[in-house]
Amino acid sequence: MSAQLKAFRCSFLDFVDDPFYVSELESVRYIVDGLLVIENGLVKELGDYESLQAKYVGIEITSYPGMLIMPGFIDTHVHFPQTEAIASYGEQLLEWLHKYIFPTERKFQEFAYAQKVAAIFLDELLKNGTTTALVFAAVYPESVEAFFTEAHRRNLRAIAGKVMMDRNAPDYLVDTPETSYQQSKQLIEKWHKNGRLLYAVTPRFAITSSAEQLSVASRLLDEFPDVYLHTHLSENVDEIAFVKQLFPENEGYLDVYDRAGLVTNRSIFAHGVYLTDAEFARLSEAESAIAFCPTSNLFLGSGLFKIEQAKSKEHPVKLGLGTDIGAGTSFSLLQTAGEAYKVAQLRKQKLSPFQALFLATLGGARALGLEDKIGNFETGKEADFIVIDPECTELLAFRNSEATTTLKELAAKVFTLMIVGSDRTICATYILGNLAYERPN
Ligand code: GUN
Ligand code: ZN
31 MSAQLKAFRC
41 SFLDFVDDPF
51 YVSELESVRY
61 IVDGLLVIEN
71 GLVKELGDYE
81 SLQAKYVGIE
91 ITSYPGMLIM
101 PGFIDTHVHF
111 PQTEAIASYG
121 EQLLEWLHKY
131 IFPTERKFQE
141 FAYAQKVAAI
151 FLDELLKNGT
161 TTALVFAAVY
171 PESVEAFFTE
181 AHRRNLRAIA
191 GKVMMDRNAP
201 DYLVDTPETS
211 YQQSKQLIEK
221 WHKNGRLLYA
231 VTPRFAITSS
241 AEQLSVASRL
251 LDEFPDVYLH
261 THLSENVDEI
271 AFVKQLFPEN
281 EGYLDVYDRA
291 GLVTNRSIFA
301 HGVYLTDAEF
311 ARLSEAESAI
321 AFCPTSNLFL
331 GSGLFKIEQA
341 KSKEHPVKLG
351 LGTDIGAGTS
361 FSLLQTAGEA
371 YKVAQLRKQK
381 LSPFQALFLA
391 TLGGARALGL
401 EDKIGNFETG
411 KEADFIVIDP
421 ECTELLAFRN
431 SEATTTLKEL
441 AAKVFTLMIV
451 GSDRTICATY
461 ILGNLAYERP
471 N
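Have a look at this one:
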């Protein structure tokens, strides 16, 4: 038996299809007593322990009795420099940016400071079971260098980019179309596909980029066809009115990006709270993705995202969950899934526990075009996974004391974790089959 083989015995939950469109029986894979076999950091096989064990006699098996293993969570929109600005009081988007966020991001000119915060940020991700994230850095290339340096050290699959912003922000925080082009290009050449890292061209939003800068972003996408486009879209009513003033010739917010050539199948738009039917249809047609950020949308009072529109049968849009730290209030994709459920409730809609967890795993992978690499336990995928403790607190131990065997029982159990779970719920996080985080007792 090869020395690179290892295995984990536990209960397993992952998704093999989309529970918004196919039944849970066909989309959810639940193995009560399973064996996950890993070879050189990739999934070799997942199946019933009883049927697989004879094939793998003699290999090292780590057992997690009473736990549940899932693919690592995927955060499709988050700002690492805003880690220290979480829970900044009293404002909505535009005032909040000027009062708290821009002064905070100024500190990320300095590589050493940015590196210190990147390390804290990445430790928080792992502690909360997030193994991949699409990340805004700051306008300074040093902040991107710092982020990628720390993500590389941890061998994480991560996507990030330098923020492009050339107007409507303080002088200390703006670049120009030319400098943003040169700096982004250099960063792409150094970091895109460096190990597991990928680059996203990152204009902050239509308010802080001139038409000229948006066209520079498009030029970068043309020159480097497999990098991403990552920005914000239709988050807040005042923001949308300002975009209308700045771009009176355009048909709407999405059209500003569209005419610039930024609406592609590698584009991820955060928020989309106020998208029109026509905009949803256009995103569907372009195969762009939306990052739904419920804790942020509630914290900033932005509004209630229309999940059922994004996941409509007529115009399906790729959808993931984002924490959007520091407007978001938790690094936990479990808590984010719980808040997504509450947003649905406020709109008299239902978001099932499996639908929510799909968004946090395979749905996020599809939104990022990484479904061939991460998101579930299909053979050949990268073995980034988490060990979940359904009895991580006294309350949850009491609530979840019954054994689980059916999908219905599992749905009820994971729902409790979305609603009252936290970073305590994550017992361990593995990156490419190696332990990267273990919860202290
Ligand atoms: N729109 C433009 N910049 C930001 C940001 O930093 N956070 C959020 N939530 N929205 C934005
Ligand atoms: Zn954001």
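Here the sequence shown stands for residues 31 to 471, where the numbers follow the numbering used here. Cβ atoms here follow ideal geometry from the backbone N, Cα and C, with glycine treated the same way.
Coarse secondary structure for residue i, derived from DSSP in three states
i, result
"I131", "helix"
"S297", "strand"
"A458", "strand"
"F45", "strand"
"Y467", "strand"
"E90", "strand"
"A319", "strand"
"R377", "coil"
"A168", "coil"
"G96", "strand"
"G71", "coil"
"A37", "strand"
"V303", "coil"
"Y371", "helix"
"L440", "helix"
"Y60", "strand"
"L55", "helix"
"L66", "strand"
Buried or exposed (CB count within 10 angstroms, at least 16 for buried), residue i
i, result
"T359", "buried"
"D288", "buried"
"Q145", "buried"
"P101", "buried"
"G96", "exposed"
"S53", "exposed"
"Q243", "buried"
"R183", "exposed"
"V67", "buried"
"G88", "exposed"
"S57", "buried"
"K348", "buried"
"K443", "buried"
"G225", "exposed"
"Y371", "buried"
"N70", "exposed"
"S173", "buried"
Proximity of residue i and residue j at Cβ, strictly below 8 Å
i, j, result
"L276", "I237", "yes"
"I416", "I456", "yes"
"V193", "V231", "no"
"A340", "I104", "no"
"T366", "G159", "no"
"Y94", "F38", "yes"
"I218", "Y211", "no"
"A321", "A300", "yes"
"D481", "F428", "This structure does not reach residue 481, given that the chain is present from 31 up to 471, and the question cannot be answered."
"P324", "F335", "yes"
"P111", "F132", "no"
"V286", "V303", "no"
"L440", "Y60", "yes"
"V293", "A316", "yes"
"S214", "N266", "no"
"K381", "L164", "Note that residue 381 is Leu in the sequence shown here, rather than Lys. Cβ atoms of L381 and L164: not closer than 8 Å."
"L65", "Q83", "yes"
Option nearest residue i by Cα separation, candidates the options
i, options, result
"L124", "V174, M100 and N198", "N198"
"F445", "H301, Q213 and E369", "E369"
"A167", "D78, K36, T261 and Y371", "T261"
"L55", "E281, Q385, S41 and S264", "Q385"
"P525", "R183, S57, S318 and K157", "Nothing can be reported for residue 525: it is not among the residues displayed for the chain, which extend from 31 to 471."
"F141", "E175, V373 and T161", "E175"
"E75", "S53, L305, G399 and K36", "K36"
"E25", "G451, G399, A442 and E401", "No information on residue 25 is available, as it lies outside the stretch 31 to 471 that the chain covers here."
"L152", "A181, W126, I449 and Y130", "A181"
"G120", "F329, L364 and I270", "F329"
"V108", "I355, L425, S362 and G410", "I355"
"V204", "A247, L437 and S239", "S239"
"T161", "E412, N430 and L426", "E412"
"K378", "I337, T106, L227 and R226", "I337"
"V73", "L349, K220, G191 and E408", "E408"
"S342", "D78, E172, A311 and L363", "A311"
Residue i CB to nearest heavy atom of the ligand FMN below 7 Å
i, result
"F138", "No copy of the ligand FMN appears in this structure; the ligands present are the ligand GUN and the ligand ZN."
Exercise. Which runs of the beta strand (DSSP E) fall wholly inside the region 385-436 and span at least 3 residues, in chain order?
Worked result: 415-418
For this session: For the region 174-225, list the beta strand (DSSP E) runs that are entirely contained and at least 3 residues long, ordered along the chain.
Result: 187-191
Exercise. Going along the chain, which unbroken runs of the beta strand (DSSP E) with 3 or more residues stay wholly within the region 216-277?
Worked result: 227-233 and 258-263
Exercise. In chain order, which beta strand (DSSP E) runs of at least 3 residues are fully inside the region 315-359?
Worked result: 319-322 and 348-351
Problem set entry | beta strand (DSSP E) runs wholly inside the region 104-166, at least 3 long, in chain order | 160-166
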